[in-house]
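Read the structure below first, then the notes.
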Amino acid sequence: MADAINPDGTMTGAVPVKQTQRLQSIDVLRGFALLGILAMNVMVFAMPFAAYSNPTVYPEYEGTNRVVYWVVHTIFDLKMMALFSMLFGAGVVIWTRKAQTPEEQRRLRWIWLRRMFWLFVIGMIHAWIIWEGDILVAYAVCGAVALWWLRRLPPVWLLVAAGAFFAIHLLLAGFMGLQAWKLFADVEWAEQARRYMTPEQLATAREEAAMFVTATPEQVAEDLAWLRGSWMELFRGRAEFTFMMQVFVLPFYLFWRSTAMMLLGAALMKMGVFSGEKSPRFYAGMAFLGYAIGLPMVVGGILYNEAHGFEIASFSFPGQWFNLLGSVPMALGHAGLILWVFKKGYLARLTWALSRVGQMAFTNYLMQSVLCSLIFFGWGLGMAGEFDRLGQQMIVVGIWIVQILWSIAWLSKFRFGPAEWLWRSLTYWKLQPMIRTEPPAQAGGHAAQ
769 MADAINPDGT MTGAVPVKQT QRLQSIDVLR GFALLGILAM NVMVFAMPFA AYSNPTVYPE
829 YEGTNRVVYW VVHTIFDLKM MALFSMLFGA GVVIWTRKAQ TPEEQRRLRW IWLRRMFWLF
889 VIGMIHAWII WEGDILVAYA VCGAVALWWL RRLPPVWLLV AAGAFFAIHL LLAGFMGLQA
949 WKLFADVEWA EQARRYMTPE QLATAREEAA MFVTATPEQV AEDLAWLRGS WMELFRGRAE
1009 FTFMMQVFVL PFYLFWRSTA MMLLGAALMK MGVFSGEKSP RFYAGMAFLG YAIGLPMVVG
1069 GILYNEAHGF EIASFSFPGQ WFNLLGSVPM ALGHAGLILW VFKKGYLARL TWALSRVGQM
1129 AFTNYLMQSV LCSLIFFGWG LGMAGEFDRL GQQMIVVGIW IVQILWSIAW LSKFRFGPAE
1189 WLWRSLTYWK LQPMIRTEPP AQAGGHAAQ
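Here the sequence shown is numbered in this note's numbering, starting from 769 and rising by one per residue.
Structure (structure tokens):
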């Protein structure tokens, strides 16, 4: 959003961002990250959940399936979500940059909290009605509880805060991973556990810990049958998982990692990195350094997990840590590469198309869930389990093309995507003007900054 500015430079009110006030570099990055997220999310729609982390669960881990897993895991897994979270943090810097006085800040605070409230409401509907893998609820909580209150820190202190949140995330992830490792690999601990846990309780604990990483053939068949079931069957199964995500995964995992990435993004925005103010040479160095640090870690993690057969104990600790750590420099490498291309003017039509997708990121995120639900779930075409990993990614590419064309066509007539319009209208409790009055930005052009 932007603020109406008086001749003396003060803010008189809060109104949504106009097209000419957008930073195209942010929209390009957001479009790239949004499309990349689908490459990972599609697996949760199309296969048993455990196959997301453990490619040996389903389908066969050989040939093309193995190659696709390597490519998708290396490029996309956690990297796109990290980048998307960084851009959310950058967005709050853009959103508040015109507010100068304490009164203006207070006014924006209440508008921001209303924005986060409605994001939370929409996220809850998305999570419980459409798809349990929702990230909007987590973003709303992070934005209201942490991001807003820390956004005004200088870049250096934002980086320190990001490091602190990320350290807490790693400590919690390490603790949970170590507990899972004990359940399956520490025989002495398991023997001691039997003193205060019945065999049934121990078996239940192991089953709950294993659901994210492994599945028997019977469990695979059961999961696929559930995915192909009716909407009500999906809802009943989704309820337990969604409750666990929001009550356990959000406070102990997503909150700390997502907030860390948001604060990192806010710092990079204040430093002029995400706004495209640096030189092409800077972005080339950023890409090189990010990949030089992150790529060996991510690839090393795949090799480690393959060597251990993606066995749950070794994956829980330390197998998953390679990507938890390596995904952050990889995400920064992706950002550096995209911004280098953008600054050099290469692939201008593609970056312009990505900016259209990014400008409608909220709509396109929800659209991805609806399209994948229609393709894979039982209340739609019921094609879960029908595609190997290559087939899933071909569907992803098809959805990418649809979303690029749809975003270009929609924004040629309208100012916002449908979900963006709804969110803004709810925030200001007033219907926002939808029809475009100014000409859209052209391919190869840069939005006014």
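We put the CB at the ideal spot given by N, CA and C, even for glycine.
Assigned exposure category for Tyr1051 - 16 Cβ within 10 Å defines buried: buried
CA nearest to the CA of Ala818, picked from Asp795, Gln987, Pro1186: Gln987
Extent of the continuous alpha helix (DSSP H) to which Pro1097 belongs: 1089-1112
Range covered by the alpha helix (DSSP H) that runs through Ile879: 870-893
Proximity of Met1202 and Arg1183 at Cβ, strictly below 9 Å: yes
Proximity below 9 Å, CB of Phe1144 to CB of Ala807: no
For Asn1132, the first and last residue of its enclosing alpha helix (DSSP H): 1129-1144
Phe1016 in three-state terms, based on DSSP: helix
Secondary structure of Glu1206, DSSP reduced to three states: coil
Touch test, the segment 1080-1098 against the segment 829-840, Cβ-Cβ under 8 Å, three pairs minimum: no
Local conformation of Phe1182 per DSSP, three classes: strand
Cα-Cα separation between Val955 and Leu1139, rounded to whole angstroms: Low confidence applies to Val955: its pLDDT is 47, below 50, so where it sits in the model is not reliable enough to give any reading.
Contacting residues, own chain, Cβ-Cβ under 6 Å from Gly1053 (five flanking each side not counted): none
Per-residue DSSP class, three states only, for Trp1024: helix
Contacts around Ala1121, its chain only, beta-carbon distance under 8 Å, and the 5 residues preceding and following it disregarded: Gly799, Ile1172, Ser1175, Ile1176, Ala1211
Sub-9 Å separation of Leu851 and Ala929 beta-carbons: no
As assigned by DSSP and simplified to three states, the class of Asn833: helix
Status (buried if at least 16 other CB within 10 Å, exposed otherwise) for Phe1130: buried
Thr1205 beta carbon less than 9 Å from that of Val796: no
Residue span of the alpha helix (DSSP H) that contains Lys847, given as start and end: 847-864
Residue closest to Arg920, alpha-carbon to alpha-carbon, out of Glu990, Lys866, Leu995, Gln1127: Lys866
Cβ-based burial, Trp899 [other Cβ within 10 Å; buried from 16]: buried
Exposure label - Leu1092; buried when at least 16 CB within 10 Å: buried
Simplified DSSP state of Pro795, which is helix, strand or coil: Before going on, a small fix: residue 795 reads as Asp here, not Pro. Correct three-state label for Asp795: helix.
Rounded C-alpha distance that separates Gly1101 from Pro1186: 32 Å
Start and end residues, alpha helix (DSSP H) containing Trp994: 985-995
Asp991 versus Phe1056 - alpha carbon distance: 41 Å
Rounded separation between Leu939 and Trp1024 - CA only: 10 Å
Residue of Gly911, Leu1107, Trp925 minimising C-alpha distance to Arg882: Gly911
Backbone CA spacing between His1214 and Phe844 [nearest angstrom]: Because the pLDDT at His1214 is just 46, under 50, the model does not fix this residue reliably, and the value given afterwards should be weighed accordingly. Cα-Cα distance, rounded: 27 Å.
Reduced DSSP category for Gln1160 - H, G, I as helix; E, B as strand; rest coil: helix
As assigned by DSSP and simplified to three states, the class of Ile903: coil
Gly1077, DSSP secondary structure in three states: coil
Ala895 and Leu904 closer than 9 Å at C-beta: yes
Three-state secondary structure (DSSP) of Val810: helix
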